[in-house]
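This note's numbering applies: residue 14 is where the sequence shown begins, and numbers increase by one. Virtual Cβ for every residue (Gly too), placed ideally from N, Cα, C. Here is the structure we will look at, set down as structure tokens.
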Amino acid sequence: MIAQEIKESFTCNDIRVAIFFFILLGKSAIEIQSDLITEVEDLAPSSQTTRKWMRTISERHFDISENSGSERPLTAWADAGITAVQQSLPVDRQKMC
């Protein structure tokens, strides 16, 4: 049960660290993909993604951490923003079409 909980808690960052570790061990892309599928099953990235990360890590152009710049700013979810959107919607949404 504990092993399953650990698998479910894996993040993309954990997978990237594992790929980095496998590269240090000298494993090929096929070996890394096979190991990831064996260990984390459906959480394993595709073989194309694994190769992309191998290339990025091998070229030393990487930051293993998540890229926070692609997320929606927190202000988009503020109460004022939600209220403004709700007020701009028509009362009867079925009449829109």
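Contact set for residue i: own chain, Cβ-Cβ below 7 Å, skip 5 residues either direction
i, result
"Ile32", "Ile45, Thr63, Trp66, Met67 and Ile70"
"Val98", "none"
Chain-order list of residues whose beta-carbon lies under 6 Å from that of residue i (same chain, five-residue window excluded)
i, result
"Ile95", "none"
"Cys25", "none"
Anticipated Cβ contact below 8 Å, residue i with residue j, distance rounded
i, j, result
"Phe23", "Val53", "6 Å"
"Ser60", "Ala42", "7 Å"
"Ile28", "Leu49", "7 Å"
Enclosing alpha helix (DSSP H) for residue i [first to last residue]
i, result
"Phe34", "Cys25 to Leu37"
"Asp55", "No alpha helix (DSSP H) holds Asp55; DSSP gives it neither H nor E."
"Lys65", "Ser60 to Ser71"
Residue nearest to residue i in terms of C-alpha spacing, selected from the options
i, options, result
"Ala57", "Ala97, Val30 and Gln99", "Val30"
Close-in-space but distant-in-sequence residues of the same chain around residue i (CB under 8 Å, 5 per side omitted)
i, result
"Met14", "Low confidence applies here, because Met14 scores a pLDDT of 47, under 50, leaving its location unreliable; read the following figure in that light. Same-chain partners within the cutoff: there are none."
"Asp55", "none"
"Lys40", "Asp48"
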